[in-house]
Every structure is written in structure tokens, then in C-alpha cells.
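The structure appears below as C-alpha cells.
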Amino acid sequence: MQQNQDLNRNIETSLINKALRGDETAFAEVYIRLRNLIYGYALRMLADNSAAEDITQETFMFLFENPNKFKSERGALHLFLCGVARNLVLHHLRKRNSRRESVEDFDEFIEIRDENALNPLENLLETELSDYVNECVLQ
16 MQQNQDLNRN IETSLINKAL RGDETAFAEV YIRLRNLIYG YALRMLADNS AAEDITQETF
76 MFLFENPNKF KSERGALHLF LCGVARNLVL HHLRKRNSRR ESVEDFDEFI EIRDENALNP
136 LENLLETELS DYVNECVLQ
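The working numbering applies: residue 16 is where the sequence shown begins, and numbers increase by one.
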């Protein structure tokens, strides 16, 4: 049993090293082995299939574009990729919440403005009336 685990770990390490050196076949194999793990993680965090797929793709693109960021002595590749996915999920949530708040703020502004706004003619008449009253009081 232990020999089997060691053999699998050695194969995985060799595969990861090849992928990190630019071997596209090895990278594809790493992707096939780990994509469901990353997708499942993102899906649990976001509860959105489309966003989870995007996060999964962005996670592997990060690895492909930045292979030197992964340090095997710091931990397993799947843990590194989960960390990348976590950061992408948090960024996605901040962006989504920011957009939602911006829309809500704009909606509140529109509602407040609509309730209190005078049309330009009413605004001019209101200003002239106010000026006239002020003049009368000062006299």
C-alpha cells in the first residue's frame, strides 16, 4: 500500500515538473487530474456554475503563465491551486459586490432625485419667489 502511494506521488511529481517546464501534454494531464477539485472548490464558494468554470480556467491559466510561483517544497500542487482559486474567488466576490452596491447606490440616488426634483421651470420660479420674499423682508 505504502509503495503504491510512493509510486503515485513520484509519478505525480514527475508530471508536475514536466508541466512546469512547459510540456503541454504533462500540463494537460495535470489539468485533467485536478480540474474537478478546483471546479468543486470554486462552485462551493460561489454557487454559480459559470463563475466556477471561469475561476477554474483562470486558476490553470495562472499556473501556465506563472509556473515559477509554485514551490513544491512549500506544499502540494493541488493546495497551491486551491490557494490561487481562493484568491480569484475572493476577487470575483469583491467585484460582484462592488457592482451590486454601485447599482443599488445609483438606484437610491435616482429614487431620491425623482422624489425631490423640480423641473427646470419650477426650480426657476421657486428661486425667483424666494428672492422676492427675501427682498420684501429686508425692506
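The beta-carbon is built from N, C-alpha and C at its ideal position, and this holds for glycine as well.
| query | My guess is that F95 and F85 are in contact by the Cβ rule of under 8 Å, so how many angstroms apart are they, rounded? | reply | Working through the sequence shown from its first residue, we reach residue 95 at position 80. Working through the sequence shown from its first residue, we reach residue 85 at position 70. 5 Å between Cβ atoms; contact.
| task | State whether the region 106-114 contacts the region 49-56, with contact taken as three or more CB pairs (one from each stretch) at a distance under 8 Å. | result | no
| said: When you compare the CB of D69 with every CB in chain B, is at least one pair closer than 8 Å? | reply: You won't find chain B in this structure, because it holds only one protein chain.
| R36 in three-state terms, based on DSSP | Looking up residue 36 in the sequence shown gives position 21. Looking at R36 - three-state DSSP - the assignment turns out to be coil, as it is neither helix nor strand.
| Coil, strand or helix - G55 by DSSP | For this step, residue 55 is matched to residue 40 along the sequence shown. In this structure, G55 counts as helix in the three-state DSSP scheme.
| message | So, for Y46: in the same chain, excluding its five sequence neighbours on each side, which residues have a beta-carbon less than 6 Å away from its beta-carbon? | response | As a working mapping, residue 46 is identified with position 31 in the sequence shown. Answer for Y46: F75, listed in chain order.
| task | Return the residue from the list L58, E141, P82 that minimises the CA-CA distance to I31. | result | On the sequence shown, residue 31 is found 16 positions in, with the first residue counted as 1. Looking at the Cα atoms, P82 is the closest of the given residues.
| message | Could you tell me the alpha carbon to alpha carbon distance between E130 and L144, rounded to whole angstroms? | response | Indexing the sequence shown from 1 puts residue 130 at position 115. Indexing the sequence shown from 1 puts residue 144 at position 129. Because the pLDDT at E130 is just 47, under 50, the model does not fix this residue reliably, and the point stays unresolved.
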